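Our numbering numbers the first residue of the sequence shown as 163 and each following residue consecutively.
Even for Gly, the Cβ is constructed at its ideal location relative to N, Cα and C.
Quantities reported herein were computed from a predicted structural model and do not represent experimental measurements.
These notes concern the structure reproduced below.
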Amino acid sequence: MRNWLLSLAVFVAGAACAAPPERVVSLGGSVTEIIYDLGQGHRLVANDASSLYPPEATRLPRVGYYRSVPLEGILSMAPDLVLASDNAGPVNILERLSGLGVPVRSVSDAPSLDSLYLRIGQIAEALQASDKGHELIDAIRSEVAQAQTIETTPRRALVLLDRTGSLMGAGQDTAANAVLGLAGLENVLEQQVGYKPISAEGLAALAPDMIILSSASAEANGGLELVRRKAGISATPAAGQGRVIAMDDLLILGIGPRVAQAIQQLKNAAR
Ligand code: HEM
């Protein structure tokens, strides 16, 4: 019994003293952003194509896009930890990485503030920066509370994404839907689950009075001016009232540490 207790004490002490990881690969833009916010950016050796913020993140090697990562790309970075959004995949690739002895820590990435706070705690713990994690959570909580006091006009809004050459609208169970809700906006696609392609006719029939495109999707469609004149969009109240806007992809397609900024931008645009 005493030997057993001694081994346990040695194990616990060893775990507590283990050095924090030094070669971290992050998969998912908000995971990367949180790592920098925790002051742990120096531990990153690579990230993925959705890691667009902060600017330092865009200067690191990329291992692909977090939703379809290649095994070799990650292995070649010799990571001692992969911090992966739980939307990262394919799952079998992440499992193979684990099987090859690469520690993979999956972190919560559901469309809610609670998931954001959980994600920050998980990342902070993995990087042995739990105190900073608590500070970051407290700071975001108060920024969100502050943003929620901003006066606005409730609008019927639509979030559009274009990654594949055609527009898709965000329904429920998406981060975009949750961000709209936090800003007091109604999602015109609340009856739909997830992202689905949307036609010009469908768009006109929904008659949203505010349309938000992710910035990259606006660019992929030739810029906001062209988007406003697009079939379907030009017929909406949103276009008529000058409320077709573009927003940073990380702010509108996910819930990350700048969520209060997202709420603020949406509320100001909806006025
Ligand atoms: C959270 C914020 C997000 C950011 C910053 C982001 C960023 C990106 C970037 C940079 C690419 C290009 C990848 C490449 O060039 O290899 C991409 C591709 C793509 N994204 Fe996202 N994305 C986000 C969320 C989403 C969401 C919510 C969806 C919808 C389910 C989505 C669906 C796609 C698809 C279908 C592609 C094309 C995938 C491919 O070609 O393999 N993304 N995204």
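Per the DSSP calculation, residue i is bridged to which residue(s)?
i	result
Ile435	Coverage of the chain is limited to positions 163 through 433, which leaves residue 435 absent and any answer about it impossible.
Pro359	Met330
Glu348	Arg318
Tyr434	The chain is shown from 163 up to 433; residue 434 falls before or after that span and cannot be answered.
Ala246	Leu189, Ser268
Any heavy atom of ligand 1 closer than 7 Å to the beta-carbon of residue i?
i	result
Ser188	no
Arg420	no
Thr326	yes
Tyr357	yes
Tyr198	no
Gly191	yes
Ala301	no
Asp411	yes
Arg221	no
Arg229	yes
Ala362	no
Leu415	yes
Ala208	no
Leu245	no
Leu278	no
Ala211	yes
Leu323	yes
Leu214	yes
In the DSSP assignment, find the unbroken beta strand (DSSP E) run with residue i in it and report its ends.
i	result
Gly267	According to the sequence displayed, residue 267 carries Arg and not Gly. Counting along the chain, the beta strand (DSSP E) containing Arg267 begins and ends at 266 to 269.
Leu214	That residue, Leu214, is in no beta strand (DSSP E); it is neither H nor E in DSSP.
Val207	206 to 208
Counting along the chain, where does the alpha helix (DSSP H) carrying residue i start and finish?
i	result
Leu200	Careful: Leu200 lies outside any alpha helix (DSSP H) and carries neither H nor E.
Leu233	233 to 237
Gln427	421 to 432
Leu256	253 to 261
Ala286	275 to 288
Glu184	It is not in any alpha helix (DSSP H) - Glu184 carries neither H nor E in the DSSP assignment.
Lys294	292 to 309
Ile395	No alpha helix (DSSP H) holds Ile395; DSSP gives it neither H nor E.
Ile414	411 to 415
Are the C-beta atoms of residue i and some chain D residue less than 8 Å apart?
i	result
Leu365	The structure shown has no chain D; it contains just one protein chain.
Inter-stretch contact at 8 Å, needing at least 3 Cβ pairs: the segment 299 to 308 / the segment 389 to 401: Per the Cβ contact rule, the segment 299 to 308 is not in contact with the segment 389 to 401 (fewer than 3 Cβ pairs under 8 Å).
Are the segment 289 to 306 and the segment 316 to 335 touching, with three or more C-beta to C-beta distances below 8 Å? no
Check whether the segment 274 to 287 touches the segment 361 to 370, counting contact only when three or more Cβ pairs, one atom from each stretch, lie closer than 8 Å. no
Is the segment 267 to 278 touching the segment 205 to 216 in the sense that three or more CB pairs, one from each, lie closer than 8 Å? no
Below 8 Å, can you find three or more Cβ-Cβ pairs linking the segment 275 to 282 to the segment 226 to 246? no
So, do the segment 402 to 422 and the segment 340 to 353 have three or more beta carbon pairs nearer to each other than 8 Å? yes
Are there three or more Cβ pairs, one per stretch, closer than 8 Å when the segment 257 to 266 is compared with the segment 191 to 207? The segment 257 to 266 is not in contact with the segment 191 to 207.
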